[in-house]
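Chains as they are written, first to last, in the numbering used here: chain A, 223 to 511; chain B, 6 to 239; chain C, 1405 to 1764.
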Amino acid sequence: MNSLLNLIVNGLATGMLVFLLAAGLTLIFGLMSVLNFAHGGLFAWGAYGGVWLYGLTGSFAAALAGAVVIGMLLGWVMERVVIRPVYGNHVQQILVTLGAMLVLSELLKVVFTPNPLKAETPAWLSGSWDAGGVILIKYRLFIILVGALVYIGLTLLLRRTRIGLIVRAGVANPDMVQALGINIRLVFTLVFMFGAGLAAFGGALLAPYSGVVFSEMGMQFAILAFIVVVIGGMGSIQGSALASLLVGLSGALMAYYVPDLSLAANMLLMVLVLLVRPSGLFGAKGGGA
Amino acid sequence: MTLLKLESVETHISQYHILQGVTMDIQAGEVTVLLGRNGAGKTTTLRTIMGLNAASGGRILFKGEPVEKLPAYQIARRGIGYVPEDQGIFADLTVDETLRIAMKRGDPAARERLSWMLELFPDLAAFRERKSGLLSGGQKQMLAIARAYVGNSELLLIDEPSKGLAPIMVRKLVEALRLMRERTTVLLVEQNFMMAQAIGDAFYLMDEGRIVSGGSMAALNEDHELRRKYLGIA
Amino acid sequence: MSRTPLQPRSEPAAPPKRARSVMGRLSALQGRSSRTHNVVVLLLFVLLAALPAVSDSRSLFILLTQVFILAVFAMSYDLLLGFTGIVSFGHAMFFGLGAYSTGLFLSRFEATLPMLLLSVIAGMALAAALSYLVGVLSLRLKSHFYAMLTLAFAGLLLVAAEKWRSLTKGSDGFTFAIPEPLKDRATLYLVCLCTLAAVYVALRRFTRSPLGSVLQAIRENEQRTESLGYRIVPYKIAASVVAGAAASISGSLYVLTLRFVNTTVFSMDMTLNALLMTIIGGVGTLYGAVIGAAVIEWAHQLLTDLAGVHPIFERWIIFFGLLYIVVVLVFPSGIAGTCASWLSSMRRRRQPEDPEEERP
Chain A
223 MNSLLNLIVN GLATGMLVFL LAAGLTLIFG LMSVLNFAHG GLFAWGAYGG VWLYGLTGSF
283 AAALAGAVVI GMLLGWVMER VVIRPVYGNH VQQILVTLGA MLVLSELLKV VFTPNPLKAE
343 TPAWLSGSWD AGGVILIKYR LFIILVGALV YIGLTLLLRR TRIGLIVRAG VANPDMVQAL
403 GINIRLVFTL VFMFGAGLAA FGGALLAPYS GVVFSEMGMQ FAILAFIVVV IGGMGSIQGS
463 ALASLLVGLS GALMAYYVPD LSLAANMLLM VLVLLVRPSG LFGAKGGGA
Chain B
6 MTLLKLESVE THISQYHILQ GVTMDIQAGE VTVLLGRNGA GKTTTLRTIM GLNAASGGRI
66 LFKGEPVEKL PAYQIARRGI GYVPEDQGIF ADLTVDETLR IAMKRGDPAA RERLSWMLEL
126 FPDLAAFRER KSGLLSGGQK QMLAIARAYV GNSELLLIDE PSKGLAPIMV RKLVEALRLM
186 RERTTVLLVE QNFMMAQAIG DAFYLMDEGR IVSGGSMAAL NEDHELRRKY LGIA
Chain C
1405 MSRTPLQPRS EPAAPPKRAR SVMGRLSALQ GRSSRTHNVV VLLLFVLLAA LPAVSDSRSL
1465 FILLTQVFIL AVFAMSYDLL LGFTGIVSFG HAMFFGLGAY STGLFLSRFE ATLPMLLLSV
1525 IAGMALAAAL SYLVGVLSLR LKSHFYAMLT LAFAGLLLVA AEKWRSLTKG SDGFTFAIPE
1585 PLKDRATLYL VCLCTLAAVY VALRRFTRSP LGSVLQAIRE NEQRTESLGY RIVPYKIAAS
1645 VVAGAAASIS GSLYVLTLRF VNTTVFSMDM TLNALLMTII GGVGTLYGAV IGAAVIEWAH
1705 QLLTDLAGVH PIFERWIIFF GLLYIVVVLV FPSGIAGTCA SWLSSMRRRR QPEDPEEERP
């Protein structure tokens, strides 16, 4: 009972982190048809940035905020310099974002040494609660809480605000949004920065959870996020949220019972979705060739 | 008064030379109908005016100012609204949400235009909370027209609004457009000649990416030769 | 309505006619430069084959052998990216299958030439099967899906190789003996050169076959090719299967020269090798991939040597990454394509009336 509950908590926590990555990925894809293969690089930058800032300021909140700023700045540069010139050309886009991934993760090694960095959990979040014999690790619950808040905030943003409406309209028909007098390119840039900020935020949250950060972790999490986006359907936030939890839970449970097969289980899930419903569980577009 | 003026406008889409020198004048307060068969370049003309396709030559003057180099959103802000052929509905947004993003912020007249549109198209008023994707074809057309009008009242570019609609719907649309003519200028692409005749003040006839004829609607009604040659009707 | 361009409407819509004209144009283009190309390639082959007779520089042999092997790998990638317009981010999985297949066969059974050949064939078969599976799953969808799926599958194989220690010994890897005749550096060098030549000729034939022409038509305009009556998915799958099998050959050769195999053969770096070489060398030409392999391997060694001067050079991937981005954005046809168009424009300026030969 205890271990099962802990597994579920672990799975949900991982799922939330993957969601932070997948949400930006799927939003960017839905709006601009750009699949950002550098998203994992932004995640890793968030993780390193968070660890560095936490060491510098001693404030975890400042570290998280700083990581988001780093992510948004990198996102801004990326959108302007490498993505904007190739809008509309899928092959070039895919290639160029992978190049950006390469540069981002190598740059990480230049800026913060190639060795993994140790990440501390802030005192007020470390330790655990004993809830009637069940040990719950505080930081994991914190991740779940933050992830849920981000999901709610994102949903409200998309449903209730003018910019949210514009983004949803842009997913349906970017040309028509322009014809209403809205600068869609500016919206693209903002959404890209926002997605990059979310990814970096996820990275910064992950650091104390895993205890150590290294540049390759970006790609590891990005692969999970891609699986999530395929399962949930490209362009769908709800789909991503659901699929993230699914992938997180199945990963955690498999890792406990049959550790060698945890990635395989998620891949199998993705393959099944691709076979049965290529547009994903909640996919509106992105299915057909 | 000339509201919109096209001077030998040319447009290329990838390697194809679609518009090969389109010249026309749109008078304020009139409904000008752009006629021609499929593939003549009518939709491209509208998209080029709107800035959604780049003009590769010629000039487009709106209220006397060149707009052919401006991005689409700036052209829209100057007062041109667009109703595409497929209506370009934001399926996931409700009617209300669609109209909300179409209205310019801080534009006092937008409220008034909105209430007039809801009066003109009662269906929209009845289904304000419904997702646009769930509306009927005619309702989608109304929404697309209202969306263009609430934000930009001076010139509407409307592409084949009658396409695929039931005759009763077409009659409603004709009624609405007649009333709208009192307040705005319309450039209408229309294949349905009956509808064009019913609301058009002036016409231009396109063929192979060029304007081949133009004048008042009354003159076209007389010119049986022109009608036979390009429109296939006597 | 008029969103569809004007010209195609007025043209006859009968598919076979258009198809022939697309292919006709392609083969006419190829015929012109074909003779010069053959002469240059043959000359290069003879020169390289004669090298062991005049030099015994160990480091040069090692470098060139490495270039030949990676050139095979890069060419197989070019078949996907350059000739079919498919982006794969997991090409290492095919390389790795060949590598492990050869490593395991030679370590578990006798290290003889027939066993080596058998291991290469087994690797190719495995790679072809996997490639078919991935292709069937994702090639009917948008190009993003293939890129994502290959990335994920390669990740899975890497994890599998790390975890299945009884077979692979994980990241520690294992050494194995190679067939006696190949222990001589010069022989191995010649074997790799001949393999490169053979794969080059085979892939060139493949790309110029009717099937290859359809692939290039798909790259140029997928919708149009489909509207000409081709079912494009089986063609794309065929290309990915051939590419997977060819990549597996290079993996087999790679571990043969090292007499050692570990999980790095499945790593993302291996895929990046193929990507960088193909993109920087020039896509859609095959020889561009060979040029890319040579340039990258040479530059890699140069930058590694420079690491003593300044530690930034240890991060050599950063330079390649930046160069790669610039090439994708500014010179999408790479070294080969940019030089070819530069040469042909020079030639045209010098002798405008002569429509002859365009050097590759």
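Yeah, the Cβ is synthetic: ideal placement off N, Cα and C, and Gly gets one too. Note that this is a predicted model, so its numbers are computed, not measured.
- In the structure shown, residue 71 of chain B falls within a strand segment according to DSSP collapsed to helix, strand and coil.
- In this structure, the straight-line span from the alpha carbon of residue 1629 of chain C to that of residue 1619 of chain C is close to 9 angstroms.
- The three-state secondary structure of residue 110 of chain B, taken from DSSP, is coil.
- Of all C-beta pairs linking the stretch 1698-1716 of chain C to the stretch 1510-1518 of chain C, fewer than three are shorter than 8 angstroms, placing the two stretches out of contact.
- The shortest C-alpha to C-alpha distance from residue 326 of chain A to any of A/300, A/492, A/345 is the one to A/300.
- The alpha-carbon of residue 440 of chain A is positioned some 47 angstroms away from that of residue 50 of chain B.
- Residue range 7-18 is occupied by the beta strand (DSSP E) that includes residue 12 of chain B.
- Residues of the same chain with a CB within less than 8 angstroms of the CB of residue 1540 of chain C, apart from the 5 flanking positions on each side, are 1641 in chain order.
- Three or more Cβ pairs closer than 8 angstroms define a contact, and the stretch 1681-1701 of chain C falls short of that threshold against the stretch 1517-1530 of chain C.
- Under the DSSP assignment, residue 1512 of chain C falls in the alpha helix (DSSP H) whose first and last residues are 1496-1512.
- Residue 221 of chain B has B/207 as its beta-bridge partners, per DSSP.
- When C/1751, C/1736, C/1575, C/1752 are compared, the shortest CA-CA separation from residue 313 of chain A is found for C/1736.
- Between residue 1472 of chain C and residue 1675 of chain C, the gap from beta carbon to beta carbon reaches 9 angstroms or more.
- Annotated three-state conformation of residue 32 of chain B is strand, per DSSP.
- It is roughly 16 angstroms from the alpha-carbon of residue 395 of chain A to the alpha-carbon of residue 380 of chain A.
- Not one beta carbon of chain A lies nearer than 9 angstroms to the beta carbon of residue 1699 of chain C.
- Secondary-structure assignment with DSSP links residue 37 of chain B through a beta bridge to B/192, B/207.
- Judged by beta-carbon spacing, residue 88 of chain B lies within the 9 angstroms limit of residue 150 of chain B, meaning their Cβ atoms are closer than that value.
- Residue-level contact check: residue 93 of chain B touches chain A, since one or more beta carbons of chain A fall below 9 angstroms from its beta carbon.
- Annotation for residue 254 of chain A: 410 place their beta carbon closer than 6 angstroms to its own, counting only its chain and skipping 5 residues before and after.
- Selection C/1495, C/1537, C/1691 evaluated against residue 1558 of chain C yields C/1495 as nearest (Cα-Cα).
- Judged by beta-carbon spacing, residue 240 of chain A lies within the 9 angstroms limit of residue 446 of chain A, meaning their Cβ atoms are closer than that value.
- If you check each beta-carbon in the stretch 115-126 of chain B against every beta-carbon of chain A, none falls closer than 9 angstroms.
- Scanning its chain for C-beta atoms nearer than 7 angstroms, with the 5 sequence neighbours on each side dropped, one finds around residue 1561 of chain C the residues 1497, 1500, 1670, in chain order.
- Judged by beta-carbon spacing, residue 27 of chain B lies beyond the 9 angstroms limit of residue 208 of chain B, meaning their Cβ atoms are not closer than that value.
- For residue 1615 of chain C, the secondary structure class from DSSP, reduced to helix, strand or coil, is helix.
- Closer than 9 angstroms to the CB of residue 1584 of chain C there is not a single CB belonging to chain A.
- Under the Cβ distance rule, residue 168 of chain B does not count among the residues neighbouring chain A, no pair being separated by less than 9 angstroms.
- Closest in alpha carbon position to residue 501 of chain A, among A/421, A/457, A/234, is A/457.
- For residue 470 of chain A, DSSP records no beta bridge to any residue.
- Counting along the chain, residue 1568 of chain C sits inside no alpha helix (DSSP H), nor does DSSP assign it H or E at all.
- Residue 25 of chain B is bridged by DSSP to B/15.
- In the displayed model, residue 101 of chain B falls within a helix according to three-state DSSP.
- A direct Cα-to-Cα measurement between residue 250 of chain A and residue 418 of chain A gives close to 9 angstroms.
- By the Cβ-count criterion, residue 1474 of chain C is buried, with 16 or more other Cβ atoms from all chains shown falling within 10 Å of its own Cβ.
- A residue is called buried once 16 or more other Cβ atoms fall within 10 Å of its Cβ, and residue 357 of chain A, having fewer, is exposed.
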